[in-house]
Amino acid sequence: MIAMNKKNQNAFQLPNQKNATKRTKETVYSSFALEEDARLLGRGKQYYIKTYGCQANVRDSETMAGLFEMMGFSEADTLENADIILFNTCAVRRAAELHVLGEIGSLKHFKNEHPDKLLGICGCMAQEDAVVDEVLKKYPQVDMIFGTHNLHRLPQLIIDWYKEHKKIVEVFSEEGRVIEDLPVKRTMDAKGFVNIMYGCNKFCTYCIVPYTRGKERSRKVEDIIAEIKELQLSGRKEVVLLGQNVNAYGKDIHMEDGFTKLLESCAETGIERIRFYTSHPRDYSPTTIDIMQKYPNVMKSLHLPVQSGSNEILRRMARGYTVDQYKKLFDEMKAKIPEITFTTDLIVGFPGETDEQFQQTLDLVRYCRFDLAYSFVYSPRSGTPAASMKDDIPPEVKKERLHILNDLLAEIANENNQKYLHKHLKVLCEGRSKKNKDVYSGYSEENKLVNFRGEEGLENRIVDVEITNVHSFSLDGKAL
Ligand code: SF4
Numbered sequence: 188m189i190a191m192n193k194k195n196q197n198a199f200q201l202p203n204q205k206n207a208t209k210r211t212k213e214t215v216y217s218s219f220a221l222e223e224d225a226r227l228l229g230r231g232k233q234y235y236i237k238t239y240g241c242q243a244n245v246r247d248s249e250t251m252a253g254l255f256e257m258m259g260f261s262e263a264d265t266l267e268n269a270d271i272i273l274f275n276t277c278a279v280r281r282a283a284e285l286h287v288l289g290e291i292g293s294l295k296h297f298k299n300e301h302p303d304k305l306l307g308i309c310g311c312m313a314q315e316d317a318v319v320d321e322v323l324k325k326y327p328q329v330d331m332i333f334g335t336h337n338l339h340r341l342p343q344l345i346i347d348w349y350k351e352h353k354k355i356v357e358v359f360s361e362e363g364r365v366i367e368d369l370p371v372k373r374t375m376d377a378k379g380f381v382n383i384m385y386g387c388n389k390f391c392t393y394c395i396v397p398y399t400r401g402k403e404r405s406r407k408v409e410d411i412i413a414e415i416k417e418l419q420l421s422g423r424k425e426v427v428l429l430g431q432n433v434n435a436y437g438k439d440i441h442m443e444d445g446f447t448k449l450l451e452s453c454a455e456t457g458i459e460r461i462r463f464y465t466s467h468p469r470d471y472s473p474t475t476i477d478i479m480q481k482y483p484n485v486m487k488s489l490h491l492p493v494q495s496g497s498n499e500i501l502r503r504m505a506r507g508y509t510v511d512q513y514k515k516l517f518d519e520m521k522a523k524i525p526e527i528t529f530t531t532d533l534i535v536g537f538p539g540e541t542d543e544q545f546q547q548t549l550d551l552v553r554y555c556r557f558d559l560a561y562s563f564v565y566s567p568r569s570g571t572p573a574a575s576m577k578d579d580i581p582p583e584v585k586k587e588r589l590h591i592l593n594d595l596l597a598e599i600a601n602e603n604n605q606k607y608l609h610k611h612l613k614v615l616c617e618g619r620s621k622k623n624k625d626v627y628s629g630y631s632e633e634n635k636l637v638n639f640r641g642e643e644g645l646e647n648r649i650v651d652v653e654i655t656n657v658h659s660f661s662l663d664g665k666a667l
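Here my numbering runs 187 ahead of the position in the sequence shown, where the first position is 1.
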């Protein structure tokens, strides 16, 4: 059990990316308990969490919100009204980091006027040596920095800050462990995120995640199933299983074909919908395709990042597969599940990428005809192997390649979507669209974003929707 440690935390515990690369075999499990005297700490006070990045960060913010509410805090509707403001950050691209730093910079005046308010940074940026150094030097308004492995320490860090109002930096740079029994405040009523594992051992040369999230460590099957059953009981229709590389699930706990077995156990809970992110082509087991095929509640859509269509670039990214191996896996899935939809991730402008290699990426996109792709311009991440390669593609060339790629992706996505026109799709209604309150929005089984009109009260229901119009990345429709 992890109880909060009362020792004074005034000394900074800075991140160390080198230590974060250590990997051992055993996964350490523990459980969280909040000390009695922290329960009333937040009475009359409010918190505000701003979340950047992937679903893992969204799920972490849900845990932090759960911790705040366990301590008696309530959620503020605006940043200005909050007593504690946390930025839960993403480190995948420098542009995202600069955005966060810009926001924090703009709060300098606000913090000077409200010295009693706590301003903190957590998440992946907090795990980076260079970022923490930069924040300490240039952003004195930041009161607290803690990392992805320190989430459970949040109550103690807040107690410490309220005692003396001294800056706190506590970032564990370790492999990480699995901590159960942390509270959670869910942000969505229709579906819930369920972490099945944490960390990554792949060390793709461009990626910061193995340094910020630690080693691959799997939650126990029974804990995952218990969380899914809780979500089911609360009326949620969909679970999204999360991990940086879900296909590696179970390796650290000596489970043979772990992800396939886990997926089958999840399917057998009977929850209406199951999705999972993110898959790695190298670890993908053919038995997983069989489970996707066998259970109707495992959605027939797959996010399978490929990153590049050039074997040479894939080799230098250390992705561990060739273009032909990716295509073979893709073809096998299509052969078994013809209706399956695919999404992917693509990077353009990786160091040394020639025009010909970029064309090979376009060729692969034409071959796979992805329904959607998250496409990025390569940006070096400090401490990763690719950061020491010469970033020799001029920015304007990177931009041009991204533009060409995005045009092709949009054209193919639009062509793919034509087949849904006038068809009936089952859409899990997540509520009113953020852009237009007159329509609902939700995702179909095929993972298509559908905006549709319908009578009142369709939230959190699976609705039959007739598609009346199609776009590249969304469909319009009306509830039947
Ligand atoms: S598998 Fe994904 S998370 Fe892991 S290093 Fe590669 S890109 Fe990063």
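Each residue gets a CB set at the ideal place from its N, CA and C atoms; glycine is no exception.
Taking the C-alpha atoms as reference points, what is the distance between residue i and residue j?
{"i": "K325", "j": "A666", "result": "53 Å"}
{"i": "S628", "j": "K350", "result": "46 Å"}
{"i": "I308", "j": "T238", "result": "10 Å"}
{"i": "L412", "j": "V427", "result": "The sequence as given places Ile at residue 412; Leu does not occur at that position. Roughly 12 Å separates the two Cα atoms."}
{"i": "K194", "j": "A505", "result": "Interpretation of K194 is limited by its pLDDT of 44, a score under 50 that renders its predicted location unreliable; the figure taken from the coordinates is listed afterwards. Distance between the alpha carbons of K194 and A505: 43 Å."}
{"i": "H611", "j": "Y554", "result": "27 Å"}
{"i": "K448", "j": "E455", "result": "11 Å"}
{"i": "D247", "j": "L338", "result": "8 Å"}
{"i": "C453", "j": "L615", "result": "19 Å"}
{"i": "C394", "j": "A573", "result": "8 Å"}
{"i": "N634", "j": "T528", "result": "8 Å"}
{"i": "E284", "j": "I291", "result": "11 Å"}
{"i": "G618", "j": "L450", "result": "28 Å"}
{"i": "L227", "j": "P302", "result": "22 Å"}
{"i": "K416", "j": "F260", "result": "27 Å"}
{"i": "V245", "j": "I599", "result": "30 Å"}
{"i": "S631", "j": "F297", "result": "43 Å"}
{"i": "R714", "j": "V396", "result": "Not covered by the structure: residue 714. The range shown for the chain is 188 to 667."}
{"i": "N388", "j": "D347", "result": "34 Å"}
{"i": "F219", "j": "K354", "result": "25 Å"}
Would you call residue i buried or exposed, if buried means 16 or more other Cβ atoms sit within 10 Å of its Cβ?
{"i": "K481", "result": "exposed"}
{"i": "K606", "result": "exposed"}
{"i": "R400", "result": "buried"}
{"i": "D330", "result": "buried"}
{"i": "D542", "result": "exposed"}
{"i": "T335", "result": "buried"}
{"i": "T392", "result": "buried"}
{"i": "G231", "result": "exposed"}
{"i": "F199", "result": "exposed"}
{"i": "V371", "result": "buried"}
{"i": "L288", "result": "buried"}
{"i": "N603", "result": "buried"}
{"i": "S421", "result": "exposed"}
{"i": "K378", "result": "buried"}
{"i": "E443", "result": "exposed"}
{"i": "V657", "result": "buried"}
{"i": "G457", "result": "exposed"}
Give me the Cβ distance between residue i and residue j, rounded to the nearest whole Å; I'm assuming they're in contact under 8 Å.
{"i": "V564", "j": "L595", "result": "Their Cβ separation, rounded to whole angstroms, is 16 Å, which puts V564 and L595 out of contact at 8 Å."}
{"i": "E362", "j": "K402", "result": "4 Å"}
{"i": "V493", "j": "Y513", "result": "5 Å"}
{"i": "L341", "j": "M251", "result": "6 Å"}
{"i": "F333", "j": "L344", "result": "6 Å"}
{"i": "A278", "j": "M312", "result": "5 Å"}
{"i": "I649", "j": "K613", "result": "5 Å"}
{"i": "L491", "j": "P468", "result": "6 Å"}
{"i": "A207", "j": "Y385", "result": "So it is not a contact: roughly 13 Å between Cβ atoms."}
Could you name the residues, in chain order, whose CB is less than 6 Å away from a heavy atom belonging to the ligand SF4?
Summarising the contact set, residues whose Cβ lies nearer than 6 Å to any heavy atom of the ligand SF4 are, in chain order, C387, K389, F390, C391, C394, V396, P397, Q431, N432 and H467.
Assess contact between the region 454–465 and the region 428–437, defined as three or more Cβ pairs (one per stretch) separated by less than 8 Å. Is contact present?
These segments touch.
Would you be able to state if there are at least three C-beta pairs under 8 Å between the region 536–547 and the region 570–585?
As far as the Cβ criterion goes, the region 570–585 touches the region 536–547, which means the pair count is three or higher.
If we count Cβ pairs, one from each stretch, closer than 8 Å, do we get three or more for the region 363–373 versus the region 402–409?
Contact check between the region 363–373 and the region 402–409: three or more CB pairs, one atom from each, fall below 8 Å, which counts as touching.
Taking contact to mean 3 or more Cβ pairs, one atom from each stretch, closer than 8 Å, check whether the region 218–236 and the region 265–275 are in contact.
A contact exists between the region 218–236 and the region 265–275.
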